[in-house]
Amino acid sequence: MSTATQQSSPPSPRERLALLLGRASRAIARRLGRSGGTAIPGLVAGALAPSLIERLALQPGHGVATVTGTNGKTTTTHLLAAILRAGGVDPLTNPSGSNLERGLIAAYSGSVDGRGLVPRADARAGVFEVDEAALARLMPRLRPRLAVFLNLFRDQLDRYGEVDSVAEGWARALEEVQTPPTLVLNADDPSIAQLAEHARGARVVTFGVDDDAVALTHADHASDARFCGCGSRFTYEAIYMGHVGRWHCPTCGRTRPVPDVSARRIELREDGSTVHVAIGHGAEQQTFQFELPLAGLYSAYNALAAAAAAYALGLDVVTIASALAEAGPAFGRQERFEVAGRRVRLLLAKNPAGLNEVLRVLTVAAPPLTVLAMLNDGVQDGQDVSWIYDADLEMLAGTGATIVCSGDRADDLALRFSLAGCPPVSVIPQTERALDAALARTPPGGRLDVVATYTAMMDVRSALARRAGVGAYWEASK
Amino acid sequence: MTNDEQAQPSSTQHARRSIRVVTLYDDVMNVYADRGNVIALRARAAEHGVDVEVTSVSLGDPLPDDTDLVLIGGGQDREQRRIAEDLAAHGPRLRAWADENVAMLAICGGYQLFGQSYRDGTGAELPGAGVFDVTTVAPGPGWARCIGDVIATAVVPGVGELAGFENHGGRTYLGPGARPFAMVDYGYGNNGDDGTEGAQRNEAIGTYLHGSLLPKNPALLDHLIAAALRHREGPDSEPLASIGAPYAERAHAAAVQVAKRRSRRWSRTS
């Protein structure tokens, strides 16, 4: 991995003070016990010294990589950081998914020394997940050398506004940035692949899936980019999820790029998958396979994205494959707990496309299936719970799944499951009581799958961690 | 035993009832989960012993000769631009259907385009189908979208309290030929200014409410099914039996609690 040539000067006294106060506020937040202080230090420091983000982004000798998209940011960031670590580069990252400006500053302020400098900065790389709506503003300030774009689905329309405005913001940011980053793009998502048109001169590395065996037999309802920029409807040779697949426009000729990093075969299993990959083209093509300990096609996509980013940064396939096989789950994303003699798996689902993928993971498992489904309606979850009607909960009908509904909007979820033909056995808004009921419904030695929106996941995770004797999230995540 | 059988809804004794439903542009106007309305309609109609025949009509497709119920959902500006002319060309037929008491439910972006016209956030003027005498203007940058939980009281008798979620930039104003579908108790409604929510013309309803709307408003759902049956069977159509909807009623009550907690109680702003 080559070293970036950017130079940095030490922070000003004001910036050092801001970092110091930021760290103090984190200590206080953790002492109070409710929060990991993954955002507060950034809020404090960023308010005192707004230039901090530019200053700090210049420090890592290997530059900054960003990861954005609707789904998979945290896991992809986690996997890319693991690959870099295996390749001898110390990643500086925001592991708890705090992905706004304040989260990035907090990640920095947690790793600087008394002079406000990142120790051993020459050997480090920033690897940051960035909120999809915040990326346009942050790109000119972070000046990443590499930017990963995963996918774009409908998500929390009450918060982000319309899907189109997110894509337009990305395109504008890429057109305006002085030196465009190397783009790592999902070839299979037309709204992502088309970003290459907006970054002239940028190096582009694409990733995608070329395996008809994992294609859907009929399209998901939650499909958000079915029309080309020219106005025609895309034609699909294969659809893998939502509007993601092997697409082309019959009118203007826009077509899915041939992926530089291609999954030729994906063997999906209950607890993970084997992914056979070809990297590069022609005589220079290399093939390898890796064992991914995360279930579902969406996890394979995240791993491909991390592999493509690492490949673009010059890491070798042996390092990539072994790091992916050894990386555990990211926070709240397929984490596993042993509670009361049951194996509990925690799956975050916060929008229709994500929930559809999680439901597919559940239905791969052998029966009996026991599910604790949790729907909250906080700002971070989306205050509008309509989105559960865009997900295909009908996938669980006929599986004999035992379902317990919980969360602030447990009643909305129970109604949705009943309309899908799989009414819940109980509806219990309170987290602890619902967890008790779901564990009681799970056979000893069996597995309970907990599917939860963001704040519900945070709640139930701390209950699971306490019962399983695992540390709080800022201790558990590396 | 015989008594029990006689107590069953008449549908088990007579020929099975059915309604014809047209869904408009459900592959385009589908980003705000309004397909929940179709899911709930199918499930509830089945409980009433009513078959539902759905015809999906999208860009370039002709309308069928007749129908009992028309559904259209919401979409973003992009999707509205895509369908506006195609939909406006169906305007005469849709207006005739509304006059013949065909039941309709047009949500959000679909409601806006069932009006006379819609000027979107970019200033583009989109033609409407003219089913409702309403006009919509998106005031553009600098104006907040109307986003949040809504409670409203339906004007039509028997439907009562409605719970939903609105998310729209456009402000809709009723013309002299329109009457509101509901009056806002919490939230914004048509424009946040006059307390009206949606519009109606005979059995056709336009509204801003997602949620999805029909799953958690079973009284409105039954109202639409009954209206569609009246169109199909004529004025002697037998009323629907009263059947409980426990999941829907609990979800409705939960949504009402949430709206009262975090939406503004409606009051005139000007």
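Those protein sequence lines, which keep their order, are chains X and C.
Residue numbering for the first sequence follows our numbering, beginning at 1 and increasing consecutively.
Residue numbering for the second sequence follows our numbering, beginning at 1001 and increasing consecutively.
Where a beta carbon is used, it is the ideal one built from N, C-alpha and C, also for glycine.
C/Gly1206 carries a strand assignment under DSSP once its states are collapsed to helix, strand and coil. X/Glu54 carries a helical assignment under DSSP once its states are collapsed to helix, strand and coil. The C-alpha of X/Thr453 is placed about 32 Å away from the C-alpha of C/Gly1160.
Taken atom to atom, the span from the alpha-carbon of X/Val127 to that of X/Val344 is near 30 Å. With the rule of 3 Cβ pairs closer than 8 Å, the segment 221-240 of chain X does not count as touching the segment 274-294 of chain X. According to the DSSP assignment, C/Asn1037 belongs to the alpha helix (DSSP H) that extends over 1035-1047. Under a criterion of Cβ atoms nearer than 7 Å, the residues of chain X adjacent to C/Ser1212 are, in order, Ser386, Tyr389. At a cut-off of 8 Å between C-beta atoms, C/Pro1215 counts as an interface residue with respect to chain X. Interface criterion met: the Cβ of X/Leu419 is under 8 Å from a Cβ in chain C. Annotation for X/Thr179: no beta strand (DSSP E) segment contains it, and DSSP assigns it neither H nor E. Your pair C/Glu1197 and C/Pro1180 checks out as a contact, with CB atoms roughly 6 Å apart and the cut at 8 Å. Out of X/Val339, X/Thr455, X/Gly407, X/Asp459, the CA that lies nearest to the CA of X/Leu448 is found in X/Val339.
Cα atoms of X/Arg143 and X/Glu15: separation of roughly 19 Å, rounded to the nearest angstrom. In the displayed model, C/Gly1175 falls within coil according to three-state DSSP, outside both helix and strand. Selection X/Leu138, X/Phe337, X/Ala65 evaluated against X/Pro50 yields X/Leu138 as nearest (Cα-Cα). Using beta-carbon distances, X/Asp377 counts as an interface residue toward chain C, with a partner under 8 Å. Going by C-alpha positions, X/Gly169 is about 25 Å away from X/Gly378.
Collapsing the DSSP output to three states places C/His1252 in a helix. Taking the Cα of X/Gly110 as reference, the smallest distance to any Cα among X/Ala167, X/Ser12, X/Asp188, X/Ala45 is reached at X/Ala45.
X/Thr442 sits buried, since 16 or more C-beta atoms from the chains shown fall within 10 Å of its C-beta. Residues of chain X whose Cβ lies closer than 8 Å to the Cβ of C/Gln1112 do not exist; the shortest such Cβ separation is about 14 Å.
Residue range 244-248 is occupied by the beta strand (DSSP E) that includes X/Arg246. If the five residues before and after X/Asn94 are omitted, its C-beta is found closer than 8 Å to the C-beta atoms of Thr38, Thr77, Gly103, Leu104, Ala106, Ala107, Phe128, Glu129, all from its own chain and listed in chain order. Scanning its chain for C-beta atoms nearer than 7 Å, with the 5 sequence neighbours on each side dropped, one finds around X/Pro429 the residues Ser406, Gly407, Asp408, Ala410, in chain order. At a cut-off of 4 residues, the continuous stretches assigned as alpha helix (DSSP H) that sit fully inside the segment 1072-1149 of chain C are 1077-1089, 1091-1099, 1109-1113. Residue contact check for C/Ile1019 against chain X: no CB pair falls below 8 Å.
Beta-carbon to beta-carbon, X/Leu348 and X/Met457 are separated by about 5 Å, close enough to satisfy the 8 Å threshold.
In this model, C/Ser1237 and C/Met1029 are separated by some 32 Å (Cα to Cα). In this chain, the beta strand (DSSP E) harbouring C/Tyr1186 covers 1182-1186. Shown here for C/Arg1145: same chain residues with a beta carbon closer than 8 Å to its own, the five before and five after excluded, namely Asn1167, His1168, Gly1169 in chain order.
The beta-bridge partner set that DSSP reports for X/Phe227 consists of X/Arg233. Contact between X/Ala82 and X/Ala327 holds, since their C-beta atoms are separated by about 4 Å, short of 8 Å. When only Cα atoms are considered, C/Gly1140 and C/Leu1174 end up about 20 Å apart. Under the DSSP definition of a beta bridge, X/Gln380 lacks any partner. Taking 8 Å as the upper bound for CB-CB distance, X/Asn71 and X/Leu185 are not in contact here, some 15 Å apart. Separation of C/Glu1085 and C/Asp1061 (C-alpha to C-alpha, rounded to the nearest whole angstrom) is 13 Å.
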